[in-house]
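*Asks:* Numbering (our numbering), first residue to last: 6 to 147. The beta-carbon is built from N, C-alpha and C at its ideal position, and this holds for glycine as well. Let me begin by handing over the structure; questions about it come next.
Written out as C-alpha cells, the structure is:
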C-alpha cells in the first residue's frame, strides 16, 4: 500500500505545525494565568498545573489546529502565522503602554504586554486564516 511521495513531507509539516500551534497555545494559556493573577487568583504550586484546568484548553487546541492547518494548507498556515506574529507585536507594544493605565504596580506594563500580545496573536491568526481561506483560488489551492 503506497501513500505517495508527498506523504512524508506532509506528515513532517503537520508535526511541525502541531509544535508551533502548541507553543502559540501555551502562550495564550500563559496570558490567561497572567490575567487571573492580576485579578487575584494565583497558581500556588506545580500541582495546580498538573490537574485538568480549562486554562490549558488553548494549548491543546493550538496543537490540533496547528497540525491540521500545516498538514492541509502549509502556505496559508505560514502566512497566517507571520500575520499573527505581527499583530502580536503591535498589540503587545500597545499593551505595554495600556497596562499601567489599567493596573498599579511595576508588573503592569509586563502584564499588559503579555495580554495584548496573546490577544493580538489570536485575533491576527484568526483573521489571517479566515481571510486566506476566502482568497483561495484554483491556481493556488494551498
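(1) Examine the ligand PLP and report whether any of its heavy atoms sits within less than 8 angstroms of the Cβ of residue 11.
(2) Check this for me: beta carbons of residue 43 and residue 116, under 9 angstroms apart or not?
(3) Are the CB atoms of residue 89 and residue 127 nearer to each other than 9 angstroms?
(4) Quick one: Cα of residue 118 to Cα of residue 125, how far?
(5) Looking only at its own chain, which residues have a Cβ that is under 6 angstroms from the Cβ of residue 26, when we skip the five neighbours before and after it?
(6) Closest to residue 86 by CA distance: which of 17, 20, 18, 134 is it?
(7) Just to confirm the assignment, what range does the alpha helix (DSSP H) spanning residue 41 have?
(8) If I follow the unbroken alpha helix (DSSP H) through residue 111, where does it start and stop?
(9) Which ranges would you report for the beta strand (DSSP E) in the stretch 60–90 if only whole runs of at least 3 residues count?
*Replies:* Concretely, from the data shown:
(1) The ligand PLP is absent from the structure shown, which contains no ligand whatsoever.
(2) yes
(3) yes
(4) 10 angstroms
(5) 67, 68, 70, 71
(6) 134
(7) 12–43
(8) It is not in any alpha helix (DSSP H) - residue 111 carries neither H nor E in the DSSP assignment.
(9) none
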